[in-house]
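Protein chains in written order, with the working numbering: chain U, 1 to 100; chain Y, 1001 to 1169.
C-beta: ideal position from N, C-alpha, C; glycine also.
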Amino acid sequence: MLEIDWFLGLSAIMFSIGIIGVLIRRNAIVIFMCVELMLNAVNLSLVSFSSFHGNIDGQILVFFALAVAAAEAVVGLAIIIAIFRNNLIVDVSEINLLRW
Amino acid sequence: MIVYLFILLAVLAIASALGVVMNKNVVNSALFLVVNLVSLAGIYLLLNAQFLAVIQILVYAGAIMVLFLFVIMLLNVEDEEQLFDKFRVKYFLAFTLGAAMVAQIFYSIAGVADVLPEISANMATIGTVEAVGDVLFTKYLLPFEMTAILLTAAVVGALMVAQYKIKKG
């Protein structure tokens, strides 16, 4: 039978893959997708705790997290478009206007 | 049977997550992310969260990923010619940090393994559309309405940021 440890372990592995992706990739869109990966890992552990406890509040929280993820994706991609229009790059190591 | 299904979906999810990170082509990364989201929806089904599984496919794999693909198409990003060509301290640090993160989470899970919950008896009844909607429109009605305001603000903000000309005055 299924144990909750497996779901939590899968969630931890996916979260760490997302972190590694955010740290090593330079393409802003791929970094964004890795952030989505991390969000999904957290959602998975919320859903598994919710189901195993038999308490629905966790799933409601995942629902709101989905809405926030949609808003975040829209605004972030708009920012990427605005940066690309000004500099024609999506490489975050080249975007250093605000770096001192 | 359900265990084999979980293992299949988990391997698919991890492999596609690695595919997102390790792929040079941005479009391929996005499609791997779709595979990852769909396999996660399958795992939600194993957890009896039917509503969230459907929402996951509709909102994430449908709407958000289409948005990503549209932006990739607009930006016309070319492949990265190098991903792991030369040794960099950054990569080493990233992998060390990732491995440390996994180890830490596994350690903390192992520390509380005896108090982790067993499968609840009403697990099958809480994930249905009926149950979720019942709670969502009574107990969580105000946050639900706030979500509408949040999404409207996000759309307006995205239009402001991404529009071509900003009128002066």
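Rounded Cβ spacing between residue i and residue j (contact assumed at less than 8 Å)
i	j	result
residue 1106(Y)	residue 18(U)	The Cβ separation is near 16 Å, so there is no contact.
residue 81(U)	residue 95(U)	Residue 81(U) to residue 95(U), Cβ: 13 Å. No contact.
residue 1026(Y)	residue 86(U)	About 20 Å; that fails the 8 Å criterion.
residue 1068(Y)	residue 29(U)	7 Å
residue 1090(Y)	residue 23(U)	7 Å
residue 1020(Y)	residue 90(U)	Their Cβ separation, rounded to whole angstroms, is 16 Å, which puts residue 1020(Y) and residue 90(U) out of contact at 8 Å.
residue 46(U)	residue 66(U)	Going by Cβ atoms, the distance from residue 46(U) to residue 66(U) rounds to 11 Å, so no, they are not a contact pair.
residue 74(U)	residue 1071(Y)	Going by Cβ atoms, the distance from residue 74(U) to residue 1071(Y) rounds to 10 Å, so no, they are not a contact pair.
residue 1151(Y)	residue 70(U)	7 Å
residue 58(U)	residue 37(U)	Wrong, their Cβ atoms sit about 20 Å apart, outside the cutoff.
residue 1061(Y)	residue 1039(Y)	The pair is not a contact, with the Cβ atoms about 10 Å apart (cut-off 8 Å).
residue 7(U)	residue 48(U)	4 Å
Listed by chain order, chain Y residues near residue i by CB distance under 9 Å
i	result
residue 27(U)	1026, 1029, 1077 and 1080
residue 90(U)	1026, 1075 and 1077
Where the alpha helix (DSSP H) through residue i begins and ends
i	result
residue 1088(Y)	Element bounds for residue 1088(Y): n/a, residue is neither H nor E.
residue 1050(Y)	1050-1055
residue 1080(Y)	Run containing residue 1080(Y): none; DSSP gives neither H nor E here.
residue 85(U)	57-87
residue 1029(Y)	1026-1046
residue 1019(Y)	1002-1022
residue 29(U)	28-53
residue 1161(Y)	1141-1162
residue 1125(Y)	1123-1126
residue 1133(Y)	1129-1136
residue 1176(Y)	With chain Y running from 1001 to 1169 in the structure shown, residue 1176(Y) is simply not present.
residue 11(U)	4-24
Within chain Y, the residues that residue i reaches when beta carbons sit closer than 8 Å
i	result
residue 2(U)	1002, 1003, 1006, 1046 and 1119
residue 10(U)	1010, 1013, 1014 and 1043
residue 81(U)	1071, 1074, 1075, 1161 and 1162
Contact set between residue i and chain U, taken where Cβ atoms lie within less than 7 Å
i	result
residue 1091(Y)	24
residue 1095(Y)	20
residue 1147(Y)	64 and 67
residue 1040(Y)	40 and 44
Contacts of residue i in chain U (Cβ-Cβ under 9 Å)
i	result
residue 1068(Y)	29, 32, 33, 36, 73 and 77
Contact list for residue i against chain U, beta-carbon separation under 8 Å
i	result
residue 1126(Y)	50, 51, 54, 55, 56 and 59
residue 1064(Y)	36, 69, 70 and 73
Amino acids of chain Y, ordered along the chain, whose beta-carbon sits closer than 7 Å to that of residue i
i	result
residue 13(U)	1014 and 1102
Do the stretch 45-54 of chain U and the stretch 1116-1128 of chain Y touch if we need at least three Cβ pairs shorter than 8 Å?
yes
Is the stretch 1042-1052 of chain Y touching the stretch 1127-1145 of chain Y, taking contact as three or more C-beta pairs under 8 Å?
Cβ pair count under 8 Å is three or more, so yes.
Three or more C-beta pairs closer than 8 Å, one from the stretch 1001-1009 of chain Y and one from the stretch 1087-1105 of chain Y: is that the case here?
With a cut-off of 8 Å, the stretch 1087-1105 of chain Y and the stretch 1001-1009 of chain Y do not count as touching, because too few Cβ pairs lie within range.
Is the stretch 34-44 of chain U touching the stretch 1140-1156 of chain Y in the sense that three or more CB pairs, one from each, lie closer than 8 Å?
no
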